[in-house]
Amino acid sequence: MPQSRPAAAATDPYAVLGVSHAATAAEIKAAYRALVKEHHPDAGGQAEAMLALNAAWEVLGDDTRRRLHDRNHVAASEPSINPRAAQQHARSARASDAELEAWLQQVVAPIDRLLAQVINPYEAQLKALAADPYDDALMEAFCAFLEQSQARLEKVETLYRSSVIPAGAQAFALSLYHCLSLVKDALVELERYTMGYVDSYLHDGRQMLRQARRRRSELQQDRRQLLG
Numbered sequence: 101m102p103q104s105r106p107a108a109a110a111t112d113p114y115a116v117l118g119v120s121h122a123a124t125a126a127e128i129k130a131a132y133r134a135l136v137k138e139h140h141p142d143a144g145g146q147a148e149a150m151l152a153l154n155a156a157w158e159v160l161g162d163d164t165r166r167r168l169h170d171r172n173h174v175a176a177s178e179p180s181i182n183p184r185a186a187q188q189h190a191r192s193a194r195a196s197d198a199e200l201e202a203w204l205q206q207v208v209a210p211i212d213r214l215l216a217q218v219i220n221p222y223e224a225q226l227k228a229l230a231a232d233p234y235d236d237a238l239m240e241a242f243c244a245f246l247e248q249s250q251a252r253l254e255k256v257e258t259l260y261r262s263s264v265i266p267a268g269a270q271a272f273a274l275s276l277y278h279c280l281s282l283v284k285d286a287l288v289e290l291e292r293y294t295m296g297y298v299d300s301y302l303h304d305g306r307q308m309l310r311q312a313r314r315r316r317s318e319l320q321q322d323r324r325q326l327l328g
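In the numbering used here, the protein residues as written are 101 to 328.
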């Protein structure tokens, strides 16, 4: 039986889904589905819980990622009982540090640049459109910005899924996932505005992008701490 409340702060995806490390793929999938039904915002659940569940599923729902995750966490879970084991642990720690640095450089850094290309220009784009939302040329330019932003976000999502999250970076990755979700939802709201000129869509989209900007700033600080 899956646990009734996902451990949103847990770094172990098995704990988040409430399954054992020996669980089968079918058991993991069943646990994930059951918890999604319980904690989905449409069912009265919390967004943070859904983010934790999705992050855990990203790891355990893919056989390759699960094997890499298990392999990376075996050494950390075994006690150091002799000098050889201590040396192996040290080598593992160095490998983990190198893996984290590579992930931050090859995955997180390009994601940050792509997000900046969406988040930073949006105020100017909205200001230009506000001059006359019913002007075809202005609306066409705004729609082009949204299309470019959607294309960049697709690249972001591909990058996010391109490698296993290193040990010790799960909390950072969850915050990053939340930022991506904010931007994705904001673009949906802004696109809805262009189709019907409903001001609430424009307001919600702007608020989400502002939250994403703050979250991105926090992520940049957290990234420096991880490297430190």
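Just so it is clear, CB atoms sit at the ideal spot from N, CA and C, and this is done for glycine as well.
These numbers come from a predicted model, not from an experiment.
Looking only at its chain, what residues have a beta carbon closer than 6 Å to the beta carbon of residue i, apart from the 5 residues adjacent to it on each side?
i           : result
residue 270 : 111
residue 217 : 252
residue 157 : 132
Which residue marks the beginning of the alpha helix (DSSP H) containing residue i, and which one marks its end?
i           : result
residue 277 : 270-296
residue 139 : 125-139
residue 155 : 147-160
residue 266 : First-last for residue 266: undefined, no H or E at that position.
So the candidates are the options; which of them puts its Cα closest to the Cα of residue i?
i           : options               : result
residue 280 : 134, 124, 154 and 139 : 154
residue 204 : 318, 301 and 265      : 265
residue 283 : 322, 273, 257 and 267 : 257
residue 286 : 313, 267 and 296      : 313
residue 148 : 116, 323, 249 and 321 : 116
residue 298 : 234, 238, 129 and 172 : 234
residue 224 : 215, 242 and 214      : 242
residue 327 : 304, 200 and 307      : 200
Residues in its own chain within less than 8 Å of residue i by CB, not counting five upstream and five downstream?
i           : result
residue 276 : 208, 211, 260 and 319
residue 302 : 226, 289, 290 and 293
residue 316 : 212, 215, 216, 219 and 279
residue 325 : none
By Cβ distance, which residues of its chain are closer than 7 Å to residue i, with the 5 residues on each side in sequence left out?
i           : result
residue 140 : 150
residue 191 : Unreliable placement is indicated for residue 191, whose pLDDT of 47 sits below 50; the coordinate value is still reported in the next sentence. Result list for residue 191: empty, nothing under 7 Å.
residue 250 : 287
residue 274 : 151, 152 and 155
So, using beta-carbon positions, are residue i and residue j closer together than 7 Å?
i           : j           : result
residue 159 : residue 113 : yes
residue 215 : residue 255 : no
residue 238 : residue 246 : no
Is there a C-beta anywhere in chain D that falls below 7 Å from the one on residue i?
i           : result
residue 288 : Considering every chain present, this structure includes no chain D. It has just one protein chain.
Which whole runs of the alpha helix (DSSP H) in the segment 195-244 are 4 residues long or more, in chain order? 209-219 and 222-230
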